[in-house]
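First the structure, in the form of structure tokens, and then the observations on it.
Residue numbers (UniProt numbering): 1 to 125.
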């Protein structure tokens, strides 16, 4: 891990190729939170591709409109949801419709990290 950052809505762990975000319990993820992600992309991943992993250890809601804005971040090339308790497949499918970049659900954080690394590797070929 390169750095741990505290956000209004949770905590982010910055790695070489991605950020892992742990959202606070009970929040609603709103489109305006993309401002933070844009700042992170410019500070830690400037001029190179990166991935976003949300580790859903807490219960929270997501306004799917957030993904329309998230998809517009130029160097964001993959988005992963990790949930050990499992999400309803229908929830993931609805969220996926709003995302314009590769979007996957995983039950294991390490597998999600490897997936992000693999799409970055492919992107850089």
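Glycine included, every Cβ here is placed at the ideal spot set by N, Cα and C. Since the model is a prediction, treat every value here as computed from it, not as a measurement.
When DSSP labels each residue in this structure, what does residue i get in the three-state scheme?
| i | result |
| --- | --- |
| residue 79 | strand |
| residue 3 | strand |
| residue 11 | strand |
| residue 60 | coil |
| residue 50 | strand |
Spatial neighbours of residue i within its chain, please: C-beta separation below 6 angstroms, excluding the five flanking residues on both sides.
| i | result |
| --- | --- |
| residue 27 | 9, 60 |
| residue 11 | 22 |
Looking at the unbroken beta strand (DSSP E) that takes in residue i, where does it start and where does it end?
| i | result |
| --- | --- |
| residue 104 | 103 to 106 |
| residue 22 | 18 to 23 |
Given residue i, which residues of its chain have a CB within under 8 angstroms of its CB, disregarding the five upstream and five downstream residues?
| i | result |
| --- | --- |
| residue 29 | 9, 23, 60, 61, 62, 63, 66 |
| residue 44 | 2, 3, 14, 19, 50 |
Would you call residue i buried or exposed, if buried means 16 or more other Cβ atoms sit within 10 Å of its Cβ?
| i | result |
| --- | --- |
| residue 34 | buried |
| residue 20 | buried |
| residue 53 | buried |
| residue 41 | buried |
| residue 57 | exposed |
| residue 116 | buried |
| residue 68 | exposed |
| residue 82 | buried |
With residue i and residue j assumed to form a contact (beta carbons below 8 angstroms), what rounded beta-carbon distance in angstroms separates them?
| i | j | result |
| --- | --- | --- |
| residue 103 | residue 96 | 5 angstroms |
What first and last residue would you give for the alpha helix (DSSP H) that runs through residue i?
| i | result |
| --- | --- |
| residue 71 | Per DSSP, residue 71 belongs to no alpha helix (DSSP H) and is neither H nor E. |
For residue i, which residues of its own chain have a beta-carbon under 7 angstroms away from its beta-carbon, when the five flanking residues on both sides are left out?
| i | result |
| --- | --- |
| residue 101 | 71, 76, 77, 78, 79 |
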